[in-house]
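S.K.:
Protein chains in written order, with the working numbering: chain L, 996 to 1247; chain H, 610 to 900.
1) In this structure, does DSSP put residue 1018/L in helix, strand or coil?
2) Between the segment 623-631 of chain H and the segment 836-845 of chain H, do three or more beta carbon pairs fall short of 8 Å?
3) At what residues does the alpha helix (DSSP H) containing residue 874/H begin and finish?
4) To test your reading of the DSSP string, which unbroken beta strand (DSSP E) runs of 3 or more residues are found completely within the segment 1000-1063 of chain L?
5) With a 10 Å radius around its C-beta and 16 neighbouring C-beta atoms as the bar for buried, classify residue 1064/L as buried or exposed.
6) Along chain L, which residues have their Cβ under 7 Å away from the Cβ of residue 786/H?
7) Taking only beta-carbon positions, decide if residue 702/H is within less than 9 Å of chain L.
8) Locate the beta strand (DSSP E) running through residue 1227/L, then write down its first and last residues.
9) To the nearest angstrom, how far is the alpha carbon of residue 1146/L from that of residue 1156/L?
10) Measure the Cβ-Cβ separation of residue 632/H and residue 878/H and say whether it is below 9 Å.
11) Using the C-alpha atoms, what's the distance from residue 1199/L back to residue 1335/L?
12) In its own chain, which residues sit with a C-beta less than 6 Å from the C-beta of residue 677/H, not counting the 5 before and 5 after it?
13) Within 10 angstroms of the Cβ of residue 1059/L, are there 16 or more other Cβ atoms? Answer buried if so, exposed if not.
14) Compare the C-beta of residue 662/H against all C-beta atoms of chain L and say whether one is closer than 9 Å.
15) Just the Cα atoms here: how many angstroms apart are residue 813/H and residue 827/H?
16) Could you list which residues in chain H have their beta carbon closer than 7 Å to that of residue 1015/L, in chain order?
17) Find the nearest neighbour of residue 801/H within the set 817/H, 786/H and 780/H, judged by alpha-carbon distance.
18) Go ahead and label residue 1205/L buried or exposed: buried means 16 or more other beta carbons lie within 10 angstroms of its beta carbon, across all protein chains shown.
19) Would you kindly check if the distance between the Cβ of residue 624/H and the Cβ of residue 853/H is under 9 Å?
20) For residue 1048/L and residue 880/H, I'd like the C-alpha separation in whole angstroms.
21) Hey, does residue 1093/L have any beta-carbon neighbour from chain H nearer than 9 Å?
22) Are the C-beta of residue 750/H and some C-beta of chain L separated by less than 9 Å?
23) At 4 residues or longer, what runs of the alpha helix (DSSP H) sit wholly inside the segment 764-848 of chain H?
24) Looking only at its chain, what residues have a beta carbon closer than 6 Å to the beta carbon of residue 1018/L, apart from the 5 residues adjacent to it on each side?
25) At the 9 Å Cβ level, is residue 1101/L part of the contact set with chain H, yes or no?
26) At a CB-CB cut-off below 7 Å, which residues of chain L make contact with residue 890/H?
27) Which chain H residues are close to residue 1086/L, counting only those with a beta carbon under 7 Å from its beta carbon?
28) Note down, in chain order, every chain H residue with its Cβ under 9 Å from the Cβ of residue 1069/L.
29) So what does DSSP say about residue 1101/L, is it helix, strand or coil?
30) Quick one: what's got a C-beta closer than 7 Å to residue 1091/L's C-beta in the same chain, skipping five residues either side?
31) Provide the residue(s) that pair with residue 998/L in DSSP beta bridges, ordered along the chain.
32) Answer with buried or exposed for residue 1032/L, where buried requires no fewer than 16 other C-beta atoms within 10 angstroms of its C-beta.
33) With 9 Å set as the bound, which would you pick, yes or no: does the beta-carbon of residue 771/H sit closer than that to a beta-carbon of chain L?
34) Expressed to the nearest angstrom, what Euclidean distance is found between the alpha-carbon atoms of residue 1120/L and residue 790/H?
35) Give the straight-line distance between the Cα atoms of residue 1087/L and residue 769/H, rounded to the nearest whole angstrom.
In C-alpha cells, the structure reads:
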C-alpha cells in the first residue's frame, strides 16, 4: 500500500534518512523502531509531506505522494498522530474530533452556513462518528472538555482519536504511548491491536518501547542512523544480532 | 437619578457602534493574527461608497445597502489577498506597519476621490424617541443597538453551531494544525477579512449620520473600538460586544457629568485600571502572544 523506495533526506550536511526502502502492507500493523535520533520521526514527516526527500520515491496506492502538499495527504487517506500532541487547545474534545471528519464532506461551506439538509446530515454524522471513536478510546466522559485543559495522557488519546475519525487507509502513530503511565501503555497496546480490523486501515507505529512494538505489530522495520538495519516479524527481530547490538543491547 | 439613566441609555447607540468595530477587529485577529489598524479607513471607505450609491447614484436604500455590503466584503478579501498575505509570516512590526500604511493610504485615496469636505448620510430610521419609564431612547440608536445584537448573535451561532464556524475556530486555535486537517486555511482568512470589513463598514454607515462623513471620520471611533476589544479580552466575541457597550456608556457618563474633552482620558484611565486587575481583559482566556 505505502512504499518507500531509496529515500534519502539531509538537513545541510546531516543525513537524517539514508537510502531507505520498505513497504507497509494493507491491513497490518507495521512498526518502525530504532534508538532516539535514528530518524524515525523524519521518515514519518516525509510520508506526511512536511519534509521533501532529496532522493527516492514515496508511493501510496500507486500515487506519487511527493507531488502532494501536506494539506492533501489526509484526502488520499493518510492520517497521523503527533509525538508532541497537536490539538486545537481552545476547542472541545468533540470539536477536535469533528474536524477530523471535515475533509470528507461534500457539502460546501456556504450551504453549511444556511444549514441546508446535507450540512445538517453531515453535522449529525460527524457527531456520531466522533462519539464512536470516543467510546472506542473510552473517553466519552471528557467529550465537552476544552482539550487544552486535559492531562497529557488524555491529550494523546484525543490526538489518536482525531486521526482515527478521519477514517484513514493508513494511520501513522508517532510514539502514541510516550510519556504516559505504564497502565495506559498496556491498555493502549490492546487498543492499537484492534485498530486494523475495527477501522479497516493499516498502521505505521513508531515507538522505542520494544514491549509495545513487538507485542502489537506483524512487521518490524529497524532503523539506525537513518538506514535500515533489519526487517522481519517481531520474532525474527528479537533474534537479530545486529538489532540486539545496535538497539536492544544499549537499551537494557 | 434620571440624568444618570438617561446618559446610560443614550450611550448605547455609540456603544453598539464601538462593539461592531471591536467585533470586526476580533474576527480578523482570530483567524489571521493581524491587528487591523487600517480598520478606520476601510470602514470610512464603505460609508463613502454608501454615500456614492445613495446620494450620487440615487440608488434605492435597499440597493445602496446591498452595494455597500458587497463592496465591503470584496474590499476585505482584496486587502487581505493583495497586502496582508504578503506579510503573513513576517514579524509583528512589519504587519503593524503594513496596516498603518494601509490606513493612511486608503484615507488619502478616498480624499482624492471624494474630497475631504464633510458629507451627510441620512439616518436609517426616523421618528420620535422611545420612552422607557422616564428616559428616552433615540429611535436610530435603538435600531443600531438592535442590529448590533442581531449581527453578534448570528455571528456567534455561525461560529459555535456550523461546520464553517468550527473551521474558523480551528484556524484561530492553530493554523498549522488546521492545514494538516485538510482545512483550507487561506480561504478562512479571506472570509474573516470579508466579514470583518463588512461589520466595520456597517458600523461606519450607522454612525455617519450622527457625525460628519469624511475619509478620516472613523479614526476616533476606531480608537474606542480598539479599547473595547482590549477591554473585552482581545479575541472574544462576547467580550467585544460587552466592551463596546461599556465604553459607549462610560464615555457618555463622563461627558455628561464632567466634560466632553475628558472622555478619552477617563475611558482610557478606566481601561488601564481594568487591565491592571485583569491583564487579559474581561472575557480573555489566554495571553495575546501565540507563537
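Glycine included, C-beta positions come from ideal geometry on N, C-alpha and C.
M.R.: On the basis of the data shown:
1) strand
2) yes
3) 872-886
4) 1009-1019, 1024-1028 and 1050-1055
5) exposed
6) 1081 and 1083
7) no
8) 1222-1227
9) 15 Å
10) no
11) The structure shown does not extend to residue 1335/L, since chain L is modelled only from 996 through 1247, so no value can be given for it.
12) 655, 658 and 659
13) exposed
14) no
15) 7 Å
16) The premise fails here: residue 1015/L is roughly 23 Å from chain H at the closest Cβ pair, so nothing lies under 7 Å.
17) 780/H
18) buried
19) yes
20) 53 Å
21) yes
22) no
23) 772-782, 784-789, 794-816 and 828-841
24) 998
25) Residue placement at residue 1101/L is flagged as unreliable, the pLDDT there being 48, under the threshold of 50; the coordinate-derived value follows with that caveat. False, the Cβ-Cβ gap to chain H never drops below 9 Å.
26) The contacting residues do not exist; residue 890/H stays about 16 Å from chain L at best.
27) 778, 779 and 782
28) 789, 790 and 791
29) Annotation note: pLDDT 48 at residue 1101/L (below 50); position unreliable, coordinate value reported separately. Residue state, collapsed to three classes: coil.
30) 1082, 1083, 1142, 1153 and 1157
31) 1018/L and 1054/L
32) exposed
33) yes
34) 18 Å
35) 11 Å
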